[in-house]
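A short worksheet on the structure shown next.
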Amino acid sequence: FRVIDDQWNVRNIFKYRMIFPILLHYFPRFRKRIDSTFSTIVDVRATILEALGKNIDENISPHGKSLIPILKDEVKTIRDHILYGSFGDGVNLTTWDATYIRGFNPKKPICVYSSTFPMLMSPSIISGFTDLEYDKLEEMLGGVMNEIESGRYIRGVNIPQWRIPLPSDYLAGKGSARELKQCYLFDRIKDPNFQNNLTGTPEGEELEKKMMKKMKEVMEEEGCPPEQLVRLMLDSE
986 FRVIDDQWNV RNIFKYRMIF PILLHYFPRF RKRIDSTFST IVDVRATILE ALGKNIDENI
1046 SPHGKSLIPI LKDEVKTIRD HILYGSFGDG VNLTTWDATY IRGFNPKKPI CVYSSTFPML
1106 MSPSIISGFT DLEYDKLEEM LGGVMNEIES GRYIRGVNIP QWRIPLPSDY LAGKGSAREL
1166 KQCYLFDRIK DPNFQNNLTG TPEGEELEKK MMKKMKEVME EEGCPPEQLV RLMLDSE
């Protein structure tokens, strides 16, 4: 999901296409056909629950959308976008017409939200994919212990979570600040192979404003923490 390859072999976003078919066999309405809609892995849970006769409670499953209405010909699509990324990196918003990869400011705050001990709190693991040595990471973690808070920060999760602020340099080693702040905008209709980055160009100005606005709205709707918008340089948009 990253713009930059790393030693975990996470593929470059220009090589890794997040578009693939989902095959569904729904017995009440079985017939061969192809439907076009955006869907994500969280929709599978909502689809299974509705197929089993359960009501989809948005308070319990706030992000998942069932595919059953499409199979019943009640709607044509359940989503008009896909939002994805990986922890500590930028975010990708894909619509039918465009793909927008938002860079981030590595010096801005980032927090871990978890109900268990997160992998990112282990210096032995983090030292494997950053430029920092184990001893330095251990020292940095010791400095944030008094800043850890607990509460209910994640919408739809009823058990308390830890809110753990990480030092800005904790995930160092992913590239220069200039590279990481770089944004990418592609017209999926005219440029399906992502060859022409439209950010900073006259022809891409209005489209980028539109995608930035939608990205912020979607993230706020899904309950992203406020510091994430600051890190993505979207707080003033």
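Last residue of the sequence shown? That's 1222 in this note's numbering, and every number before it is there in order.
Quick reminder that beta carbons are idealized off the backbone N, C-alpha and C, glycines included.
Since we're looking at a predicted model, the values are computed, not measured.
Find the nearest neighbour of residue i within the set the options, judged by alpha-carbon distance.
i, options, result
"Asp1172", "Leu1214, Lys1166, Leu1192 and Ile1133", "Leu1192"
"Met1197", "Thr1022, Ile1053, Gly1049 and Ala1083", "Ala1083"
"Pro1054", "Leu1068, Asp1065, Tyr1069 and Ala1036", "Ala1036"
"Glu1212", "Ser1099, Lys1092 and Ser1100", "Lys1092"
"Ser1109", "Pro1103, Tyr1119 and Ser1100", "Tyr1119"
"Gly1088", "Ser1100, Pro1103, Thr1025 and Ala1162", "Ala1162"
"Tyr1098", "Ser1153, Gln1146 and Val1215", "Gln1146"
"Asn1077", "Leu1183, Asn1040, Asn1181 and Cys1168", "Cys1168"
"Thr1080", "Gly1208, Met1218, Leu1214 and Val1203", "Val1203"
When the Cα atoms are used, what is the spatial distance from residue i to residue j?
i, j, result
"Asn1143", "Lys1121", "35 angstroms"
"Lys1017", "Ser1051", "19 angstroms"
"Gly1073", "Gly1136", "22 angstroms"
"Asp1020", "Leu1034", "21 angstroms"
"Tyr1069", "Leu1008", "22 angstroms"
"Tyr1001", "Phe1179", "Residue placement at Tyr1001 cannot be trusted, given a pLDDT of 45 that sits under 50; the coordinates are not used to answer."
"Pro1210", "His1066", "20 angstroms"
"Glu1190", "Ser1221", "17 angstroms"
"Glu1205", "Lys1199", "10 angstroms"
"Leu1056", "Ile1063", "11 angstroms"
"Phe1023", "Gly1127", "43 angstroms"
"Leu1151", "Gly1185", "31 angstroms"
"Asn994", "Leu1214", "Residue confidence is low: Asn994 scores 41 on pLDDT, short of 50, so the model does not pin down where it sits. No coordinate-derived value is stated."
"Ile989", "Lys1061", "Because Ile989 sits at a pLDDT of 38, beneath the cut-off of 50, its placement in the model cannot be relied upon, and the following sentence gives the value as read from the coordinates. Cα-Cα distance, rounded: 35 angstroms."
"Asp1154", "Gly1075", "16 angstroms"
"Pro1187", "Lys1194", "12 angstroms"
Am I right that residue i and residue j are in contact with their C-beta atoms under 8 angstroms? What's the rounded C-beta distance?
i, j, result
"Ile1133", "Ile1149", "5 angstroms"
"Arg1216", "Ile1086", "Not confirmed; about 15 angstroms, so no contact."
"Asn1182", "Leu1170", "6 angstroms"
The beta strand (DSSP E) with residue i in it runs from where to where?
i, result
"Glu1134", "Glu1134 to Gly1136"
"Arg1018", "Element bounds for Arg1018: n/a, residue is neither H nor E."
"Arg1173", "Unbroken run through Arg1173: none, as it is neither H nor E."
"Val1097", "Ile1095 to Ser1099"
In terms of residues, what are the limits of the alpha helix (DSSP H) holding residue i?
i, result
"Pro1211", "Pro1211 to Arg1216"
"Val1027", "Val1027 to Ala1036"
"Ile1151", "In the sequence under discussion, the amino acid at residue 1151 is Leu, which differs from the Ile named in the question. Counting along the chain, Leu1151 falls outside any alpha helix (DSSP H), though it belongs to the beta strand (DSSP E) covering Gln1146 to Leu1151."
"Val1129", "Tyr1119 to Val1129"
"Glu1202", "Glu1190 to Glu1206"
"Lys1166", "Ala1162 to Lys1166"
Is any heavy atom in the ligand PLP found nearer than 8 angstroms to the beta carbon of residue i?
i, result
"His1010", "Ligands displayed in this structure: none; no statement on the ligand PLP is therefore possible."
### Task
Identify every run of the beta strand (DSSP E) within the region 1046-1082, keeping only runs that are complete inside it and at least 3 residues long; order them along the chain.
Qualifying beta strand (DSSP E) stretches, in chain order: 1066-1070 and 1076-1080.
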